[in-house]
Amino acid sequence: MKLQQATLLGLYAVLELAKAEGGQRSAGDIADKFDVSINHLAKVLRILVKAGLLQAVRGAGGGYRFTGNAKRTTLMDVIELFEPVSIEGFEHRDSPHHSDVEAGLAVALTEISEMMQATLRSITIRTMLKLMEKDTGP
Amino acid sequence: MNNSQMPEEQPKVHIRTAAESDLAAITTFDERSNKDANPRYWQEMFARYGDDKSKQLFLVCEAGTEIVGFIIGEVRDWEFGSQPCGWVFALGVRPDIRLSGIATQMYSAMCDFFKQAGATTVRTMLARQDIESHSFFRSQGMMAGPYVQLEKEL
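Chains as they are written, first to last, in the working numbering: chain A, 49 to 186; chain B, 17 to 170.
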């Protein structure tokens with residue numbers, strides 16, 4: 049699995065804004081912090097607004113703020129807005145396979161895929177904020 | 017006010033060691049019991065863990081006169097070569113009052129018990145599909161540990 053750039057930006061933006069606890073940040077501030085193109089980030093932010101995770105605040109001093117439920121929104125919820133979560137080239141063990149080799153590999157890769165999905169579905173934004181606090185201190 | 021800004025309601029609760037008379041209430045909201053319609057499961061759990069032993073603990077949470085949660089754990093020594101560690105193997109909160117901090121308080125009480133019993137690590141094992149419990153334990157700082165659970169159909 050390799051996350052696309054838009055997905056990573058989506059995660060960065062959601063976590064950065066959730067960390068602000070209702071406060072707002074401009075797209076420019078976020079782009080600067082993560083050293084990314086503001087145009088690319090703007091497209092990502094629009095997707096997050098449409099999904100109800102962010103709110104765009106218009107006017108002078110406007111920006112974005114997190115409006116999702118941090119205790120319920122998971123990393124998977126954010127990632128799935130941008131791409132399906134899967135192992136590239138992977139077929140689920142229940143799909144038809146062409147050979148014993150493919151079928152055998154599918155069993156092993158299904159296990160990895162299910163573990164990955166369970167992990168991403170169980171880590172909420174709030175849990176991530178705690179992890180970030182723990183890593184960087186108060 | 018959006019959901020992320022809502023204050024957490026913290027109902028006044030009391031956490032204590034389970035009594036046999038608590039089992040009927042637990043059976044009404046524990047999902048395993050409801051699914052299997054098997055109160056006997058809880059009788060067996062109580063028989064095994066209801067006594068206040070030095071390495072096992074079965075706690076319930078009361079709000080007023082109602083039982084609203086339970087947690088069961090024990091300290092296991094040198095299992096698979098591991099240092100003594102605390103295991104949480106059952107945790108439940110009445111569905112209508114979840115997300116109000118009750119599970120966190122019970123988990124904290126259980127961790128205090130584990131520490132007093134000499135454990136320095138707490139573990140649990142969950143069904144991969146049990147996302148709600150998985151999320152709860154992760155919210156307490158638990159992460160994948162150094163052991164992997166394996167199984168095989170017999």
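Cβ atoms here follow ideal geometry from the backbone N, Cα and C, with glycine treated the same way.
Original post:
So, does the CB of B:Gln21 fall closer than 8 Å to a CB anywhere in chain A?
Top reply: On the second sequence, residue 21 of chain B is found 5 positions in, with the first residue counted as 1. Since pLDDT at B:Gln21 reaches only 40, below the 50 mark, its modelled position is unreliable, and the value read off the structure follows with that caveat. Taking Cβ atoms only, chain A reaches closer than 8 Å to B:Gln21, which makes this a yes.
Original post:
At a CB-CB cut-off below 7 Å, which residues of chain A make contact with B:His150?
Top reply: By one-based count along the second sequence, residue 150 of chain B stands at place 134. Ala166 and Ser170, listed in chain order.
Original post:
A:Ala75 and A:Leu93: beta carbons closer than 8 Å?
Top reply: Here the question's residue 75 of chain A lines up with position 27 in the first sequence. Here the question's residue 93 of chain A lines up with position 45 in the first sequence. Using a Cβ distance threshold of 8 Å, A:Ala75 and A:Leu93 count as a contacting pair.
Original post:
So which residues of chain B does A:Thr175 contact, with C-beta pairs closer than 8 Å?
Top reply: Start at 1 with the first residue of the first sequence, and residue 175 of chain A comes out as number 127. Here the neighbours are Ser151, Arg154 and Ser155.
**OP:** Please list the partners that A:Lys119 has in chain B, where partner means a Cβ-to-Cβ separation under 7 Å.
**Re:** The count along the first sequence starts at 1 and reaches residue 119 of chain A at position 71. Chain B residues near A:Lys119: Leu115.
**OP:** Taking 8 Å as the cut-off, decide whether the C-beta atoms of A:Arg169 and B:Ser155 are in contact.
**Re:** Position 121 of the first sequence, counted from the first residue, corresponds to residue 169 of chain A. Position 139 of the second sequence, counted from the first residue, corresponds to residue 155 of chain B. No, the pair does not count as a contact, with Cβ atoms beyond the cut-off.
Original post:
Could you give the residue range of the alpha helix (DSSP H) that holds A:Leu59?
Top reply: If you number the first sequence from 1, residue 59 of chain A lands on position 11. Here the alpha helix (DSSP H) through A:Leu59 covers Gln53 to Lys67.
Subject >> CB contact check: A:Glu162 to chain B, cutoff 8 Å >> reply: Locating residue 162 of chain A in the first sequence gives position 114, where the first residue counts as 1. Closer than 8 Å: yes.
Original post:
For B:Leu170, is the classification buried or exposed, using 16 other Cβ atoms within 10 angstroms of its Cβ as the cut-off for buried?
Top reply: Locating residue 170 of chain B in the second sequence gives position 154, counting from the first residue. The residue is exposed, with fewer than 16 neighbouring Cβ atoms inside 10 Å.
Original post:
Is A:Gln72 helix, strand or coil when you go by DSSP?
Top reply: Within the first sequence, the letter at position 24 stands for residue 72 of chain A. Coil, per DSSP.
Subject >> Endpoints, beta strand (DSSP E) assigned at B:His150 >> reply: The sequence position of residue 150 of chain B within the second sequence is 134, counting from 1. It is not in any beta strand (DSSP E) - B:His150 instead sits in the alpha helix (DSSP H) that spans Ile147 to Ser155.
**OP:** Look at the alpha carbon of B:Gln21 and the alpha carbon of A:Ala118, and state the distance between them as a whole number of angstroms.
**Re:** The residue given as residue 21 of chain B occupies position 5 in the second sequence. The residue given as residue 118 of chain A occupies position 70 in the first sequence. Reliability of the predicted coordinates at B:Gln21 is poor, the pLDDT of 40 falling under 50, and no value is obtained from them.
Original post:
Less than 8 Å separating the beta-carbons of B:Pro100 and B:Ala135?
Top reply: Numbered from 1 along the second sequence, position 84 holds the residue referred to as residue 100 of chain B. Numbered from 1 along the second sequence, position 119 holds the residue referred to as residue 135 of chain B. The answer is yes: Cβ separation under 8 Å.
Original post:
By the 10 Å Cβ neighbour count, where 16 or more other Cβ atoms means buried, how is B:Leu166 classified, buried or exposed?
Top reply: Counting from 1 along the second sequence, the entry for residue 166 of chain B is found at position 150. Exposed.
Original post:
At a CB-CB cut-off below 8 Å, which residues of chain B make contact with A:Lys178?
Top reply: Reading the first sequence from its first residue, position 130 is the one you call residue 178 of chain A. Under the 8 Å cutoff, chain B gives Ser155 and Gly157.
Original post:
Tell me, which residues are paired with A:Tyr112 by DSSP?
Top reply: As a first step, residue 112 of chain A must be located in the first sequence, where it is residue number 64. According to DSSP, which records beta bridges pairwise, A:Tyr112 is partnered with A:Arg73 and A:Ala104.
Original post:
Any C-beta of chain A sitting closer than 8 Å to the C-beta of B:Arg15?
Top reply: The structure shown has nothing for residue 15 of chain B, since chain B only spans 17 to 170.
**OP:** Measure the CB-CB distance between A:Leu89 and A:Val62 and report whether it falls below 8 Å.
**Re:** Here residue 89 of chain A is taken as the residue at index 41 of the first sequence, counted from 1. Here residue 62 of chain A is taken as the residue at index 14 of the first sequence, counted from 1. No, these two residues do not count as a Cβ contact at 8 Å.
Original post:
Does the beta-carbon distance from B:Ile42 to B:Ile83 come in below 8 Å?
Top reply: For this step, residue 42 of chain B is matched to residue 26 along the second sequence. For this step, residue 83 of chain B is matched to residue 67 along the second sequence. Yes, Cβ-Cβ distance for B:Ile42 and B:Ile83 is below 8 Å.
Original post:
For the putative contact between B:Gly108 and B:Arg139, defined by C-beta atoms under 8 Å, what is the C-beta separation to the nearest angstrom?
Top reply: On the second sequence, residue 108 of chain B is found 92 positions in, with the first residue counted as 1. On the second sequence, residue 139 of chain B is found 123 positions in, with the first residue counted as 1. Taking a contact as a CB-CB distance under 8 Å, the pair B:Gly108 and B:Arg139 does not count as one, their CB atoms being some 18 Å apart.
Original post:
Touch check for the region 113-122 of chain B and the region 88-96 of chain B: three-plus C-beta pairs under 8 Å?
Top reply: With a cut-off of 8 Å, the region 88-96 of chain B and the region 113-122 of chain B do not count as touching, because too few Cβ pairs lie within range.
**OP:** Return the first residue and the last residue of the beta strand (DSSP E) that B:Val164 is part of.
**Re:** On the second sequence, residue 164 of chain B is found 148 positions in, with the first residue counted as 1. No beta strand (DSSP E) holds B:Val164; DSSP gives it neither H nor E.
Original post:
Does B:Ile147 get closer than 8 Å to chain A when you measure Cβ to Cβ?
Top reply: For the purposes of this step, residue 147 of chain B is taken as the residue at position 131 of the second sequence. Closer than 8 Å: yes.
Subject >> Where A:Arg120 sits in the DSSP three-state scheme >> reply: Working through the first sequence from its first residue, we reach residue 120 of chain A at position 72. Three-state result, A:Arg120: coil.
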